[in-house]
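To start, the structure under review is shown below, and the notes come after it.
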Amino acid sequence: MLLSPVKAFIFADQFAYRMLKPSFIPIFLVLWLTAWACHQRPSGQTSAVRDSVPVAVTHPIQPPSPDSLQPKPDTTIYPTPATSDTAHPKPADANHAKDSASAAKTRVWPVKFPPLLPGSIFPEHRVVAFYGNLYSKNMGILGELPPDQMIPKLLQYARMWQEADTTKKVIPALHLIVVTAQGYPGKDGKHRLRMPNWMIDSVLHMADRIHGLVFLDVQVGLSTLQDEVPRLEPYLKLPNVHLAIDPEFSMKTGAVPGTRIGTFDAADVNYCVDYLSRLVQEYQLPPKILVVHRFTQRMLTNYKAIKLRPEVQIVMDMDGWGPKWLKINSYRNFIAREPVEFTGFKLFFKNDTRNGQPIMTPQEVLSLFPPPVYIQYQ
Numbered sequence: 235m236l237l238s239p240v241k242a243f244i245f246a247d248q249f250a251y252r253m254l255k256p257s258f259i260p261i262f263l264v265l266w267l268t269a270w271a272c273h274q275r276p277s278g279q280t281s282a283v284r285d286s287v288p289v290a291v292t293h294p295i296q297p298p299s300p301d302s303l304q305p306k307p308d309t310t311i312y313p314t315p316a317t318s319d320t321a322h323p324k325p326a327d328a329n330h331a332k333d334s335a336s337a338a339k340t341r342v343w344p345v346k347f348p349p350l351l352p353g354s355i356f357p358e359h360r361v362v363a364f365y366g367n368l369y370s371k372n373m374g375i376l377g378e379l380p381p382d383q384m385i386p387k388l389l390q391y392a393r394m395w396q397e398a399d400t401t402k403k404v405i406p407a408l409h410l411i412v413v414t415a416q417g418y419p420g421k422d423g424k425h426r427l428r429m430p431n432w433m434i435d436s437v438l439h440m441a442d443r444i445h446g447l448v449f450l451d452v453q454v455g456l457s458t459l460q461d462e463v464p465r466l467e468p469y470l471k472l473p474n475v476h477l478a479i480d481p482e483f484s485m486k487t488g489a490v491p492g493t494r495i496g497t498f499d500a501a502d503v504n505y506c507v508d509y510l511s512r513l514v515q516e517y518q519l520p521p522k523i524l525v526v527h528r529f530t531q532r533m534l535t536n537y538k539a540i541k542l543r544p545e546v547q548i549v550m551d552m553d554g555w556g557p558k559w560l561k562i563n564s565y566r567n568f569i570a571r572e573p574v575e576f577t578g579f580k581l582f583f584k585n586d587t588r589n590g591q592p593i594m595t596p597q598e599v600l601s602l603f604p605p606p607v608y609i610q611y612q
């Protein structure tokens, strides 16, 4: 039985970077040709593989309703590997990386950002965050380890980054997913699950112990930022609480989260910028940070229309997993080449090392251009 075009593409892609040996080349070609042949469309239509690389499907266990707020770990949707919107990016060598960095610096970096307000985190600081959800051990280290183990490990990694770059002061942070995309619609059909206040309170208490920041991450599913972000205002009014939004699970076409990669437009980002700016002005807060996850071209449209305001510092965070060369290419193609304001980089303790490769070191990440100021571990 032939593989579906999506499965064949993904399987072939995994073969391509795991086993680039002559003996495996025929297998790779057969699988690639199978995907190509199965996936031909009439002219004028774009390949679904290129439009959207599906994320891992949720386990077939019915999650609880949003009212009960008791999700099970294996009902969560998992992140997607770093990917290129063009087929099979090649490993980057050192000379090519230097040339690309030099060209990027000449053309678009450094970005001219608004005047800094008192209390601005960037560019003088670097944030090192642990990501996850307290209901699930599968969504990141924040929920995988108990606080008494997780917090010392976070501080250990913060020290690593401080030693790697002494020019910026490192601030530890906890990055909590407060609205999780779901494979099942729930009572309102929005395919998202809101976390209870006690979870946010627990993470705030952990952050207070280490004088750290808290990021509240929103996966809207079939909902909208306008429906989800205002519910977080009691927490966003706090000076050490910031916002993150994940286009991967913004399903504007009505597709089920996890079946394809979603998207945000500049208008969505600007809504958050305006909302956070109002909070900063109204409550006389230090500037807020807005993290926007990204690892493909189409996850964010019209980036040049994103508004920069002194009350909000925007971080475009390279959020894909995979081998080092693929992560570097994704950062270069979708973060560095489409500058907004500041940049971030995500590292996965498990997914980045699944092929026996070590996780990227702070020194390796700092060699990217521009060097990321927001670092996230999942």
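The opening position of the sequence shown corresponds to residue 235 in our numbering, with each subsequent residue numbered one higher.
Just so it is clear, CB atoms sit at the ideal spot from N, CA and C, and this is done for glycine as well.
1. On a CA-only basis, which of PRO419, PRO430, GLY423 is nearest LEU368? Give me that one, please.
2. Using only CA atoms, which one of VAL503, THR487, PRO521, GLU462 lies nearest to LEU472?
3. For the ligand GDP, is there any heavy atom lying closer than 7 Å to the beta carbon of ASN563?
4. Taking the alpha-carbon positions, what's the LYS580 to ILE562 distance?
5. Are the beta-carbon atoms belonging to VAL507 and GLN453 less than 8 Å from one another?
6. Given 8 Å as the limit, is there contact between the segment 387-400 and the segment 416-435, that is, 3 or more CB pairs closer than that?
7. To the nearest angstrom, how far is the alpha carbon of GLY492 from that of GLN547?
8. Note the first and the last residue of the continuous beta strand (DSSP E) segment covering GLY377.
9. Could you tell me how far apart the beta carbons of TYR391 and TYR611 are, in whole angstroms, since I believe they sit closer than 8 Å?
10. So, helix, strand or coil for PHE483, using DSSP?
11. What are the residues that DSSP puts in a beta bridge with ALA539?
12. Work out the CA separation of ARG543 and ILE385 for me, nearest whole Å.
13. Report buried or exposed for ASP422, applying the criterion of at least 16 other Cβ atoms within 10 angstroms of its Cβ.
14. Under the three-state reduction of DSSP, which class applies to LEU519: helix, strand or coil?
15. May I have the straight-line CA-CA distance separating PHE568 from SER511, to the nearest angstrom?
16. Just the C-alpha distance for HIS273 and ARG494, rounded to the nearest angstrom, thanks.
17. Whole angstroms is fine: what's the gap from ILE411's alpha carbon to PRO349's?
18. What would DSSP say about THR320, mapped onto helix, strand or coil?
19. Answer yes or no: do GLY374 and ALA415 have a C-beta to C-beta separation smaller than 8 Å?
20. Taking just the CA atoms, how far does ASN372 sit from GLY554?
21. Measure how close the beta-carbons of VAL490 and VAL525 come, nearest whole angstrom, since I'm counting them as under 8 Å.
22. Would you decide whether VAL342 is buried or exposed? Buried here means 16 or more other CB atoms lie within 10 Å of its CB.
23. Please give the ranges of any beta strand (DSSP E) in the segment 530-608, keeping only runs that are unbroken, at least 3 residues long and fully inside the region.
24. Checking 8 Å against the spacing of the C-beta atoms, do VAL475 and TYR469 come in under that value?
25. Rounded to whole angstroms, what's the CA-CA distance from PRO604 to ALA570? Just pull it up for me.
26. Among residues of its own chain, excluding the 5 on either side of PRO357, which ones have a beta-carbon nearer than 8 Å to its beta-carbon?
27. Decide if HIS439 is buried, meaning its Cβ has at least 16 other Cβ atoms within 10 Å, or exposed.
28. Let me make sure I understand the geometry here. Which of LYS541, LEU408, HIS445 has the alpha-carbon closest to that of ALA500?
Let me spell this out:
1. PRO430
2. PRO521
3. Questions concerning the ligand GDP fall outside what the structure shown contains, since it holds no ligand whatsoever.
4. 11 Å
5. VAL507 is not a Cβ neighbour of GLN453, given a cutoff of 8 Å.
6. no
7. When only Cα atoms are considered, GLY492 and GLN547 end up about 29 Å apart.
8. No beta strand (DSSP E) contains GLY377, which is instead part of the alpha helix (DSSP H) from 375-378.
9. 7 Å
10. helix
11. Note: ALA539 sits in no beta bridge, so no partner.
12. 33 Å
13. exposed
14. coil
15. If I take the Cα positions, the gap works out to 26 Å.
16. Note on HIS273: pLDDT 36, under 50, position unreliable in the model; the coordinate value appears next. HIS273 and ARG494 have their alpha carbons spaced roughly 16 Å apart.
17. 30 Å
18. Note that THR320 has pLDDT 35, beneath the 50 cutoff, so the model's placement of it is unreliable and no number is given.
19. no
20. Straight-line spacing of the CA atoms in GLY554 and ASN372 works out to 16 Å.
21. Their Cβ separation, rounded to whole angstroms, is 25 Å, which puts VAL490 and VAL525 out of contact at 8 Å.
22. exposed
23. 546-552, 576-581
24. yes
25. 7 Å
26. LYS402, PHE576, VAL607
27. exposed
28. For ALA500, the closest alpha carbon among the candidates LYS541, LEU408, HIS445 is that of LYS541.
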